[in-house]
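Novice: Using the working numbering, you'd call the opening residue of the sequence shown number 3 and step up by one each time.
This is the structure, below, for whatever I ask next.
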Amino acid sequence: MKKYRERFYRYQGIKPELVGFQVKVRETDLWVKAERDLSKETKNLVHTYRKHIEDFIRDNPLFLKSLTPIPIPDFTVPAIVREMIMASQHAGTGPMAAVAGAIASRVGKGLKKYTSEIIVENGGDCFLSMRRPVEVGIYAGESPLSNKIAVRFTPDKLPVGICTSSGTVGHSLSFGKADAVTVISKNAALADAAATALGNIVKKPQDINSALEMAQNIAGLLGIVIIIGDRLGAWGEVELAHW
Numbered sequence: 003m004k005k006y007r008e009r010f011y012r013y014q015g016i017k018p019e020l021v022g023f024q025v026k027v028r029e030t031d032l033w034v035k036a037e038r039d040l041s042k043e044t045k046n047l048v049h050t051y052r053k054h055i056e057d058f059i060r061d062n063p064l065f066l067k068s069l070t071p072i073p074i075p076d077f078t079v080p081a082i083v084r085e086m087i088m089a090s091q092h093a094g095t096g097p098m099a100a101v102a103g104a105i106a107s108r109v110g111k112g113l114k115k116y117t118s119e120i121i122v123e124n125g126g127d128c129f130l131s132m133r134r135p136v137e138v139g140i141y142a143g144e145s146p147l148s149n150k151i152a153v154r155f156t157p158d159k160l161p162v163g164i165c166t167s168s169g170t171v172g173h174s175l176s177f178g179k180a181d182a183v184t185v186i187s188k189n190a191a192l193a194d195a196a197a198t199a200l201g202n203i204v205k206k207p208q209d210i211n212s213a214l215e216m217a218q219n220i221a222g223l224l225g226i227v228i229i230i231g232d233r234l235g236a237w238g239e240v241e242l243a244h245w
């Protein structure tokens with residue numbers, strides 16, 4: 003599983019009465035906002051999905067280790083495993099590049115039966131479902147743009163996955179140097195894998211355009227924001243706001 007990363011986002015527009023709580027199960031570290039404390043329900047969902055992934059890894063170690071896409075096995079696999087493999091095939095990464103987004107979205111969707119509004123953040127990879135406009139500020143390490151740029155979502159654009167990869171923040175594997183590569187998709191697993199893939203190619207500001215062009219060729223992406231130093235690039239259905 004991915005190691006802990008610093009929280010990548012700040013939120014504006016969420017109801018003050020929403021309850022925030024943290025759930026940790028080994029490497030999985032979730033920060034959740036909901037209409038009530040759903041710690042028990044969240045932990046149960048995390049255990050369920052981690053078990054699906056861990057059981058599959060035990061018999062298929064390549065799933066854990068590969069940095070490139072793997073084929074979907076002929077036999078029946080858990081839905082979250084299939085989702086991760088398909089996301090990695092679209093993005094050109096190993097399947098574990100999608101794990102944090104996949105868990106965030108599966109947990110978030112599972113909690114929807116208890117709460118009409120929910121945010122599930124898994125170390126920088128987020129499932130967001132709100133009934134009001136919300137702005138999500140992007141943390142970009144030492145960049146002068148860090149916490150000064152936000153993406154605004156209206157309710158008709160939600161739910162959505164918003165996932166960030168960084169070559170300068172946290173411990174997740176990245177071969178790039180971007181301070182933040184934030185990807186938006188209806189599929190959080192795909193957003194997670196794509197953020198990794200796109201982040202890997204941004205090693206200098208001049209690489210922003212190449213990454214934006216690559217993003218347009220990954221089916222299922224809604225938009226992307228790239229921050230490296232004092233430079234920013236964006237593509238797609240992205241409504242930016244200054245904080």
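In this text, a Cβ means the ideal position worked out from N, Cα and C, and glycines have one as well.
Quantities reported herein were computed from a predicted structural model and do not represent experimental measurements.
Which whole-angstrom value describes the C-beta separation of L113 and L40, a residue pair presumed to lie in contact below a C-beta threshold of 8 Å?
Specialist: Translated into positions along the sequence shown, residue 113 becomes position 111. Translated into positions along the sequence shown, residue 40 becomes position 38. 6 Å between Cβ atoms; contact.
Novice: Name the residue from I220, A190, N46 and K188 whose alpha carbon lies nearest to the alpha carbon of L200.
Specialist: If you number the sequence shown from 1, residue 200 lands on position 198. Out of I220, A190, N46 and K188, I220 has the C-alpha closest to the C-alpha of L200.
Novice: Name the one or two DSSP bridge partners that W33 has.
Specialist: Residue 33 sits at position 31 when you count from the first residue of the sequence shown. Answer is Q24 and E123.
Novice: So is the beta-carbon of A213 under 8 Å away from any non-hydrogen atom of the ligand MG?
Specialist: This structure simply doesn't include the ligand MG, nor any ligand for that matter.
Novice: Quick check on the burial criterion: 16 or more other C-beta atoms within 10 angstroms. Buried or exposed for S145?
Specialist: If you number the sequence shown from 1, residue 145 lands on position 143. With 16 or more other Cβ atoms within 10 Å, it is buried.
Novice: Below 8 Å, can you find three or more Cβ-Cβ pairs linking the region 65-79 to the region 126-138?
Specialist: no
Novice: So, do the region 102-113 and the region 182-197 have three or more beta carbon pairs nearer to each other than 8 Å?
Specialist: yes
Novice: Roughly how many angstroms separate the alpha carbons of I59 and L66, rounded to a whole number?
Specialist: Within the sequence shown, numbered from 1, the residue matching residue 59 stands at position 57. Within the sequence shown, numbered from 1, the residue matching residue 66 stands at position 64. Spanning the two alpha carbons is a distance of roughly 6 Å.
Novice: Select from E119, I226 and T156 the residue whose C-alpha is nearest the C-alpha of P18.
Specialist: Against the sequence shown, residue 18 aligns to sequence position 16. If we check each option's Cα against that of P18, E119 comes out closest.
Novice: Going by C-alpha to C-alpha distance, which of V79, Y51 and E215 sits closest to N62?
Specialist: Position 60 of the sequence shown, counted from the start, is the residue given in the question as residue 62. Minimum Cα distance to N62 is reached at V79.
Novice: Determine which residues share a DSSP beta bridge with S187 and list them.
Specialist: To locate residue 187, count along the sequence shown from 1; it is residue 185. Paired residues: G163 and L223.
Novice: Does the region 201-209 come within contact of the region 143-157, defined as at least 3 CB pairs closer than 8 Å?
Specialist: no
Novice: Hey, how far is the Cα of K5 from the Cα of A182?
Specialist: Here residue 5 refers to the residue found at position 3 when the sequence shown is read from its first residue. Here residue 182 refers to the residue found at position 180 when the sequence shown is read from its first residue. Residue placement at K5 is poorly supported in this model, since its pLDDT is 34, which falls under 50; the coordinates are not used for a value here.
Novice: What residues in its chain sit with their C-beta under 6 Å from that of I140, if we drop five residues either side in the sequence?
Specialist: For the purposes of this step, residue 140 is taken as residue 138 along the sequence shown, with counting starting at 1. Taken in chain order, the residues that qualify are I151, A182 and T184.
Novice: On the DSSP bridge assignment, give the partners of I151 in chain order.
Specialist: Counted from its first residue, the sequence shown places residue 151 at position 149. I151 pairs with H244.
Novice: What's the gap between the Cα of K111 and the Cα of M86?
Specialist: Counting from one through the sequence shown, the residue named residue 111 turns up at place 109. Counting from one through the sequence shown, the residue named residue 86 turns up at place 84. Taking the straight line from one Cα to the other gives about 16 Å.
Novice: From which residue to which residue does the alpha helix (DSSP H) around V138 run?
Specialist: Walking along the sequence shown from the start, residue 138 turns up at place 136. Element bounds for V138: not the alpha helix (DSSP H) but the beta strand (DSSP E), V136 to I140.
Novice: Roughly how many whole angstroms lie between the Cα atoms of V83 and D127?
Specialist: One-based indexing of the sequence shown puts residue 83 at position 81. One-based indexing of the sequence shown puts residue 127 at position 125. Rounded to the nearest angstrom, the two C-alpha atoms are 17 Å apart.
Novice: Is it right to say V122 is buried, meaning 16 or more other beta carbons lie within 10 angstroms of its own, or is it exposed?
Specialist: Along the sequence shown, one-based indexing puts residue 122 at 120. It is buried - the Cβ of V122 has at least 16 other Cβ atoms within 10 Å.
Novice: Tell me the rounded alpha-carbon separation between G163 and N149.
Specialist: In the sequence shown, residue 163 corresponds to position 161, counting from 1. In the sequence shown, residue 149 corresponds to position 147, counting from 1. One C-alpha to the other measures close to 19 Å.
Novice: Give me the Cα-Cα distance between Q24 and L32, rounded to the nearest whole angstrom.
Specialist: Here the question's residue 24 lines up with position 22 in the sequence shown. Here the question's residue 32 lines up with position 30 in the sequence shown. So the two alpha carbons sit approximately 6 Å from each other.
Novice: Assign P157 to buried or exposed, taking buried as 16 or more other Cβ atoms, counted over all protein chains shown, within 10 Å of its Cβ.
Specialist: Position 155 of the sequence shown holds residue 157. Exposed is the call here.
Novice: In this structure, does DSSP put L47 in helix, strand or coil?
Specialist: In the sequence shown, counting from the first residue as 1, residue 47 sits at position 45. Note: L47 maps to helix in three-state DSSP.
Novice: Determine the extent of the beta strand (DSSP E) in which L234 is found, giving its start and end residues.
Specialist: Within the sequence shown, numbered from 1, the residue matching residue 234 stands at position 232. Note, L234: beta strand (DSSP E), R233 to G238.
Novice: Return helix, strand or coil for I16, following the three-state DSSP convention.
Specialist: Residue 16 sits at position 14 when you count from the first residue of the sequence shown. In the structure shown, I16 sits in coil (DSSP, three-state: anything other than H, G, I, E or B).
Novice: Comparing alpha-carbon positions, which option in S168, K188, A243 and A190 lies nearest I228?
Specialist: Along the sequence shown, read from residue 1 onward, the residue named residue 228 stands at position 226. Checked all of S168, K188, A243 and A190; the closest Cα to I228 is S168.
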